[in-house]
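Student:
Residue numbers (the working numbering), protein chains in the order written: chain A, 1 to 304; chain B, 1001 to 1304.
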């Protein structure tokens, strides 16, 4: 890519990141209006975690993929907010003292610090259920077949064969020494599965049959892996202020990561190759896939 | 009801409770086969909580309601296992040290005692996702409209306006003095919403339109309330060995309950009236509703 194109790319992405952040915040604000009863702290905790933070990469991926198939933007936004609700719930629970014991997230105190542990557990649980409530609503798609497929895939991506299973392996990584194949599988479950869902959701909303999704799925798998490698690099090289959370945690916990297994240089090179490969999977799509291409580059180049 | 009928009633219920317990255990056993990787402890924890315990009242309610509409028994069982997965996840999280801090459940050590807190949080999360995976599978019902409605109603019943919201109010009850109306609303959210889902699920699976479900919904609301009043009576009068969990906890925590607000005698009378009222809502159904009637009486008379 030449320099001018790179600038245009960065401009496009900055604009899109701003737009999706505003849209996701507005929808969470609407969905999480606190009731005038003793549940108010639950809603406040959900708002604390869900509103005003994060890159909103997952909703942006849904939006970008949905655009390829001329999906109604409101439907794509609802699907994006659903997956973000799952992501946010997982952050709340992962930050708990019994899990990663983190005090800062997205530059703010974590939920169990700002509120308390019980409220944090419940806020996570409530966001988890809300994700499926959003997807099962006819507003997300008029065709119940589409809604059921979105739900089936998200439940799989979030459950014991996806995110929750990956998190369990991640906890085990403190006591066991994993090889590169196992770390790759762990990370695909822990973060890759949800990222794959985002891209596939765009195709599901656009009623693209299974066999028409191969390129997008390959794209998603590659950027998911690149995302995690860059995360590991940030954990080693970043600073807490930029990252918005504690860094250096994996090494402190004695966990094998892409960086510990491959070294910094090879890990960075691998992330670069995965990004190029991801973009090559979009070859059959024209300019309308530029946002997906820009997201892939952004994932590689981000520092938080 | 005369004495002979009461005996027949108890016999019917005993048989049905045995059958549903075996069927639910068998399906969880199949769904939760532990993989040969570092996720094994997660699956073991899910199995510990989900298999071999509990009255399986929720799956039995789904089965009993589904029978009124000649629903395929396998579909009803899948829906029953889904709601039981939600119920079990809520027990795991409620028992955590930061929540009710219970060491015993269903006569066994709670998950965070038998495993650890992190595994307990994840096992709950994984069961939560699994419930929606089960419901979104075409095996649960061939019609995606039916699946989407089951999911929408279950997500609502489990989320911030249902179970999670009720649990939040229940935590607040330790610091605030609630009146009878607020305790009733709290309990309807905390346990009633899920019980209502079970009965309604039978009707949804049977494609009964909304307006045809009024009697069943009224039945479900009444038995849900009776269930909670009896729970409060067991907490005051029962012993831990029979209950399979700690008793006397509400009074120790200074929480208002139906019993603290109404007294033992009036609470017992109220549960009896609700049970009769629940049964009267089934008047338009014939003998095929006998199991629902027997469940209502069982809820009133149980001591654990």
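The beta carbon of each residue, even a glycine, is placed where N, CA and C say it ideally should be.
#1: Starting from the C-beta of residue 1186 of chain B, find all residues in its chain whose C-beta is less than 8 Å away, skip the five residues before and the five after it, and write them out in chain order.
#2: For a cutoff of 8 Å on Cβ pairs, would you count residue 1187 of chain B as touching chain A?
#3: What does residue 108 of chain A pair with, by DSSP beta-bridge criteria?
#4: Please report the distance separating the alpha-carbon of residue 297 of chain A from that of residue 275 of chain A.
#5: Kindly say whether residue 1177 of chain B, judged by its beta-carbon, lies nearer than 8 Å to any beta-carbon of chain A.
#6: Please return the same chain residues whose Cβ sits closer than 8 Å to the Cβ of residue 281 of chain A, not counting the five positions on each side in sequence.
#7: Examine chain A for any beta-carbon lying closer than 8 Å to the beta-carbon of residue 1228 of chain B, and answer yes or no.
#8: Rounded to whole angstroms, what is the Cα-Cα separation between residue 336 of chain A and residue 125 of chain A?
#9: In chain B, what lies closer than 7 Å to residue 281 of chain A by C-beta?
#10: Could you pull out every residue in the same chain whose Cβ sits closer than 7 Å to the Cβ of residue 1164 of chain B, ignoring the five residues on either side in sequence?
#11: Report all residues from its chain with a CB closer than 7 Å to the CB of residue 75 of chain A; omit the five preceding and five following residues, and keep chain order.
#12: Candidates A:58, A:22 and A:36: which alpha carbon is nearest residue 292 of chain A's?
#13: Pick helix, strand or coil for residue 961 of chain B, following the three-state DSSP scheme.
#14: Buried or exposed: where does residue 1007 of chain B fall if 16 or more other Cβ atoms within 10 Å of its Cβ makes it buried?
#15: Taking only beta-carbon positions, decide if residue 1039 of chain B is within less than 8 Å of chain A.
#16: Is it a yes or a no for the stretch 1061–1068 of chain B touching the stretch 1085–1095 of chain B, going by three-plus beta-carbon pairs under 8 Å?
#17: Is residue 275 of chain A helix, strand or coil when you go by DSSP?
#18: Specify the secondary structure class of residue 244 of chain A as computed by DSSP and reduced to three states.
#19: Of all Cβ atoms in chain A, is any one closer than 8 Å to the Cβ of residue 1156 of chain B?
#20: My parser needs the alpha helix (DSSP H) runs of 4 or more residues fully inside the stretch 45–131 of chain A; what are they?
#21: When DSSP labels each residue in this structure, what does residue 1160 of chain B get in the three-state scheme?
#22: Just verifying my parser: in three-state terms, what is the DSSP assignment at residue 208 of chain A?
#23: Considering only residues of the same chain and omitting the five flanking positions on each side of residue 94 of chain A, which have a CB-CB separation below 7 Å?
#24: Please determine, among B:1010, B:1103 and B:1290, the residue with the shortest C-alpha to C-alpha distance to residue 1116 of chain B.
#25: Have a look at residue 1151 of chain B and residue 1080 of chain B and give me their C-alpha separation to the nearest angstrom.
#26: According to the Cβ coordinates, are residue 238 of chain A and residue 188 of chain A closer than 8 Å?
#27: Using 8 Å as the threshold, is the C-beta distance between residue 1207 of chain B and residue 1146 of chain B below it?
#28: Suppose the cutoff is 8 Å on Cβ atoms and the five residues either side in sequence are ignored; what does the same chain contact list for residue 200 of chain A look like?
#29: Out of curiosity, what's the CA-to-CA distance linking residue 302 of chain A and residue 162 of chain A?
#30: Output the boundary residues of the alpha helix (DSSP H) element that contains residue 185 of chain A.
#31: Using DSSP with H/G/I as helix, E/B as strand and the rest coil, what is residue 1144 of chain B?
#32: Would you say residue 92 of chain A and residue 62 of chain A are within 8 Å of each other, going by their C-beta atoms?
#33: Measuring CB to CB, does residue 1267 of chain B end up less than 8 Å from residue 1300 of chain B?
#34: Leaving out the 5 sequence neighbours to the left and right, which residues in its chain are closer than 7 Å to residue 306 of chain A when beta-carbon positions are compared?
#35: What does the alpha-carbon distance come out to for the pair residue 1230 of chain B and residue 1269 of chain B?
#36: Could you run through the stretch 253–270 of chain A and flag, in chain order, every residue whose CB is less than 7 Å away from some CB of chain B?
Tutor: Walking through what the data contain:
#1: 1166, 1169, 1170, 1173 and 1178
#2: no
#3: A:105
#4: 7 Å
#5: no
#6: 215, 216, 218, 219 and 222
#7: no
#8: In the structure as shown, chain A starts at 1 and stops at 304, and residue 336 of chain A therefore has no counterpart that could be examined.
#9: Per Cβ cutoff of 7 Å: no residues; residue 281 of chain A is ~27 Å from chain B at best.
#10: 1158
#11: 140, 141 and 205
#12: A:58
#13: This structure gives no information on residue 961 of chain B, because the portion of chain B shown stretches from 1001 to 1304.
#14: exposed
#15: yes
#16: no
#17: helix
#18: coil
#19: yes
#20: 57–67, 73–94 and 111–114
#21: coil
#22: coil
#23: 100 and 167
#24: B:1103
#25: 13 Å
#26: no
#27: yes
#28: 65, 153, 213, 216, 217 and 220
#29: 25 Å
#30: 180–187
#31: helix
#32: no
#33: no
#34: Outside the shown range of chain A, which is 1 to 304, sits residue 306 of chain A, and nothing can be said about it.
#35: 10 Å
#36: none
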